[in-house]
Amino acid sequence: YYVVGQVIQQAFERVGKIDRKAIGDEILKGTFDTIMGQVKLTGNAFLGNWLIAQWQRQSDGKLEYVAIMPRDRASAEPLVPKPWWKS
1 YYVVGQVIQQ
11 AFERVGKIDR
21 KAIGDEILKG
31 TFDTIMGQVK
41 LTGNAFLGNW
51 LIAQWQRQSD
61 GKLEYVAIMP
71 RDRASAEPLV
81 PKPWWKS
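Sequential numbering of the sequence shown, starting at 1, is according to the working numbering.
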């Protein structure tokens, strides 16, 4: 759902005013940079863009949101069971 907020925000910024039709038109035609990568509406849905992702701690200690499914588009292996968070 966070991605939807990013799409709406970017569409609003591009349109530059509160105009429901113009924002809707921008969402229908635009491409948007989100935490899930670039998304574009196709056939009234964001199909084909979605991945299953997981927060994973990297070797430098930073957390990164990585794609784990589908396997042909994964950037990391799933961590199962998921380790407990550490401060």
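Even glycine gets a Cβ: it sits at the ideal position worked out from N, Cα and C.
Kindly indicate which three-state DSSP category Q9 falls into: helix, strand or coil? helix
On a CA-only basis, which of I18, E77, G43, Q6 is nearest F32? Give me that one, please. Q6
What residues match up with R57 in a beta bridge as DSSP calls it? L63
Given a threshold of 16 other Cβ atoms within 10 Å of its Cβ, counted over all protein chains shown, does V4 qualify as buried or as exposed? exposed
Would Q56 and A76 qualify as a contact pair, given that the criterion is a beta-carbon distance under 8 Å? yes
If we ignore side chains and look at the alpha-carbon of each, how far apart do E26 and A11 end up? 6 Å
Within 10 angstroms of the Cβ of V80, are there 16 or more other Cβ atoms? Answer buried if so, exposed if not. exposed
Return the CA-CA distance between I8 and A53, expressed in angstroms with no decimal places. 22 Å
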